[in-house]
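A quick write-up on the structure given underneath.
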Amino acid sequence: MQIHLEPTIFSNEFSYFFVLFGPRFDATIPLIAKALEKAFGGKWKPIVVYSSKPAEAFLKENYLVINYDGDEIEAIVRGPVVALQEYEDLNDEFATSPEVWGIIGKLKKKQKKVVIIPFTTSFLEIDDPDVFVVGPDRHLAKRYDNKVTHFALFQELDLPRNRAMIFASQSDVLAAGTKILPCYITAAFSSGGSESGLIYSEKMLKKIFSRLRNVNASGAFLVSDIFEGLLLAPNVNALVTADGRTEIAVITDQILRGNRYLGNIYPSICESHHRDKIVEITIRIGDYIAKQGYRGLFGLDFLINDKGDLVVVDLNPRRQGGYSCNVLALQSIGIDLIETEVKTALGQDITLGLPRDGALFSYAWAHSKVKPSDPGQRIKNEYQKGNFENIFFSVPSDYEATFSINGSIFIDGYTGYVAMTGQDRTKLLKS
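Under numbering that gives the first Met the number 0, think of the first position of the sequence shown as 0, with each following residue one higher.
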């Protein structure tokens with residue numbers, strides 16, 4: 000674990016908040032500080048929590064690096080590595096760290112609230128009345144972060160979904176043998192295509208099982224038919240307000256590499272009847288989880304094939320990969336998504352004031368993670384081009400960056416990010 004804090008952090012006039020996401024979301028940090036100043040008064044500064052230390056250009060004044068597996072690898076290779084954790088693992092290590100609680104304890108002596116902004120509240124086990132987490136209830140986030148729970152919810156609401164079976168354990172899946180092949184399998188807690196994949200043989204199935212984290216190794220699995228003829232993968236970013244209403248913020252299409260999520264592109268090019276169905280399903284799911292007490296952002300992933308079939312495949316009870324772009328794009332039309340999130344978490348009723356099917360922008364935009372194809376490659380050409388905060392206010396514009404330390408070894412995650420705006424969606428996608 001690495002800790003870098005201002006010498007006067009426990010005695011100066013600023014209040015501090017923890018941010019538990021990496022450099023591709025940096026553009027949101029000044030907006031978070033502004034929203035907290037409005038909500039609580041005073042001046043606020045971030046303590047950014049990384050799972051891999053980024054290059055010097057992206058390091059903040061105050062930061063922590065928490066990644067016990069990454070520390071072990073760096074000790075072996077005697078140098079920096081890129082080994083990004085799943086956000087649930089980062090949450091767990093953060094919430095159980097004595098060093099973190101030592102910092103929180105000292106901050107509590109000088110400020111009324113210590114604020115945490117996580118990517119997801121799932122597995123963020125914190126019970127302290129002086130710690131304010133901006134996000135949905137962690138128990139509900141964990142419940143609906145589970146792929147098996149997703150499918151059960153989609154069944155209960157009788158939503159269009161892919162045909163699938165639930166298996167209680169690895170041994171149950173293996174016992175089914177070739178009867179389930181070919182298939183798409185996903186562990187209970189997976190995101191972005193990790194710990195899931197297309198399976199055509201028992202050997203491939205065992206390979207997936209060999210890579211599972213502890214949280215998934217002993218859990219249930221969802222085994223689905225392969226959704227053939229995939230054309231589009233729309234994604235919705237939505238909000239359950241403090242009074243339990245469901246509002247859609249943005250509808251985009253996902254950019255995928257196989258089953259792996261890379262980014263999003265706006266506008267979605269799904270047909271109007273599909274868009275209407277996506278809106279209807281989103282509101283039904285949002286209203287359902289609202290009745291369970293869920294408040295805050297959530298996302299939904301859909302698939303559309305060449306026959307026109309539409310299915311809902313994922314519920315994301317958290318911020319999503321397009322969070323920065325959604326925040327900045329909405330800001331470009333006068334909507335402050337982060338202030339809305341903070342007020343919602345405080346129980347204050349606030350509306351986005353958007354059309355029923357979300358925001359409409361006069362331009363196209365796209366973003367994508369950049370990652371090497373295979374582990375073991377060394378990072379070269381550390382760079383940054385453009386200003387990410389400005390690309391939504393000066394169209395067309397683009398931004399590119401490599402976040403990782405030059406010479407570091409890629410293990411897992413991503414190493415850089417690209418985002419762009421323009422008038423032609425097709426050109427952006429080709430770029």
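Where a beta carbon is used, it is the ideal one built from N, C-alpha and C, also for glycine.
When DSSP states are grouped into helix, strand and coil, residue 194 belongs to the coil group. Less than 8 angstroms separates the beta-carbon of residue 90 from that of residue 19. Looking at the DSSP output, residue 396 sits in a beta bridge with 420. With respect to the C-alpha of residue 145, the residue from 218, 67, 77 having the closest C-alpha is 218. Contact between residue 9 and residue 106 holds: CB atoms are separated by about 7 angstroms, below the 8 angstroms threshold. Pairing residue 366 with residue 263 gives a Cβ-Cβ distance under 8 angstroms. Following the DSSP letters along the chain, one finds residue 44 inside the beta strand (DSSP E) bounded by residues 43-49. The segment 328-344 makes contact with the segment 19-36, as at least three CB pairs between them are under 8 angstroms.
In the three-state reduction of the DSSP assignment, residue 262 falls in the strand class. Membership of residue 274 in the alpha helix (DSSP H) is indicated by the continuous run 271-290. Distance from the Cα of residue 179 is smallest, within the candidate group 164, 187, 127, for 164.
If you draw a 10 Å sphere on the C-beta of residue 330, you find 16 or more other C-beta atoms in it, and that means buried. By the criterion of a C-beta distance shorter than 6 angstroms, residue 121 is surrounded in its chain by 87, 140, 141, 144, once the five residues flanking it on both sides are discounted. In terms of Cβ geometry, residue 157 and residue 242 do not form a close pair [threshold 8 angstroms]. Between the alpha carbons of residue 155 and residue 283 lies a distance of about 11 angstroms. The segment 160-174 makes no contact with the segment 375-387; the number of CB pairs closer than 8 angstroms stays below 3. Residue 384 has 399 as its beta-bridge partners, per DSSP. In the assembly as shown, residue 344 is a buried residue. Its beta-carbon has 16 or more other beta-carbons within 10 Å. In this structure, the beta-carbon distance from residue 414 to residue 403 falls below 8 angstroms.
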